[in-house]
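Okay, so here's the structure we're looking at.
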Amino acid sequence: MANWQTATILDRKVWNDGLFSLTFDIELEPFKAGQFIKVGLQVGDERIERPYSLVNSEDQPYAEILFNEIEGGPLTSRLAQLDKGEQLLATTDAHGFLVLDEVPDIPHLWMIATGTGIGPFISMLNSAQSQRFERIVIIHGATHEKSLAYRSQLEGLEHIDQRITYLPVISREKTDGQMEGRITDNLSSGEVEKRANLELNAEKSHVLLCGNIDMIRDVQALLAERDMKKHKRFEPGHISMA
1 MANWQTATIL DRKVWNDGLF SLTFDIELEP FKAGQFIKVG LQVGDERIER
51 PYSLVNSEDQ PYAEILFNEI EGGPLTSRLA QLDKGEQLLA TTDAHGFLVL
101 DEVPDIPHLW MIATGTGIGP FISMLNSAQS QRFERIVIIH GATHEKSLAY
151 RSQLEGLEHI DQRITYLPVI SREKTDGQME GRITDNLSSG EVEKRANLEL
201 NAEKSHVLLC GNIDMIRDVQ ALLAERDMKK HKRFEPGHIS MA
């Protein structure tokens, strides 16, 4: 049974009109970067709850989540209104298999996310497990530049760690020098590999997918053309997904 605690909000960040991060004080049980907890609010006699990936690293003494406000959503519309000092409910135990110790020993790790799917990758990049890869390419798709949550942090990691390449992809506005359109189109054209200066192949690559279900399906189909298949614990492959 999940262990619920009342947590106090330490920080609230508004990335754009509908994209938020909440950091809150809670005693998390040991977890692996990439896992999720449940967050909720008591509304009358009902506890409204949803799973959210942890953005914070494994050694930080708080929890951080990234979420979109869904218009009319029973939970997100309320979470979006919370501010520093207010309280929410959260579980202390985390779950999920989108974790780095499930990834086979392979030199190149590709993290492909859309929207809030970037959250668990931030946690992974700050974990000791990430050090075992020779190259890490982060591809983050968003509708507009202002929706690129954690962009400055990712650009900072890229600047100090030559193993890391950060590639944003913007789908609904013109940008200066960044990839535009859908992630799959940029993969198909070879633009992603050109900018990463790295080949995405079955021999040396493992891909993590998190975000929009259509993106996950389309990228998985595209990678299948490169003889890359879904990774399973007892049937090793090349693609892991949330």
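Sequential numbering of the sequence shown, starting at 1, is according to UniProt numbering. Each residue gets a CB set at the ideal place from its N, CA and C atoms; glycine is no exception. Keep in mind that this is a model prediction, so the values were computed, not measured.
- Within the segment 49 to 82, the complete beta strand (DSSP E) segments at least 3 residues long are 63 to 68, listed from N- to C-terminus.
- Every unbroken stretch of the alpha helix (DSSP H) spanning 4 or more residues and falling wholly within the segment 82 to 136 is given here in chain order: 119 to 125.
- Ranked by Cα distance from A33, the options W15, I26, E64 and L22 are led by E64.
- In this structure, the CA atom of Q153 is about 10 angstroms from the CA atom of L125.
- Closest option to L89, judged by alpha-carbon separation, among G73, A7, R135 and T23: A7.
- Note on geometry: alpha-carbon atoms of V103 and G44 lie some 43 angstroms from one another.
- Here DSSP, grouped into helix, strand and coil, assigns L223 to helix.
- Taking C-beta atoms under 8 angstroms as the contact rule, V55 and G119 qualify, at a distance of about 5 angstroms.
- Checking the DSSP bridge columns, you'll see R47 partnered with Q42.
- Distance from V137 to T165 at the Cβ level is roughly 5 angstroms; contact confirmed, criterion being Cβ atoms closer than 8 angstroms.
- CA-to-CA, the gap between Q131 and T76 works out to about 34 angstroms.
- For R151, the enclosing alpha helix (DSSP H) begins and ends at R151 to I160.
- Going by beta carbons, L82 and F67 fall outside the 8 angstroms limit.
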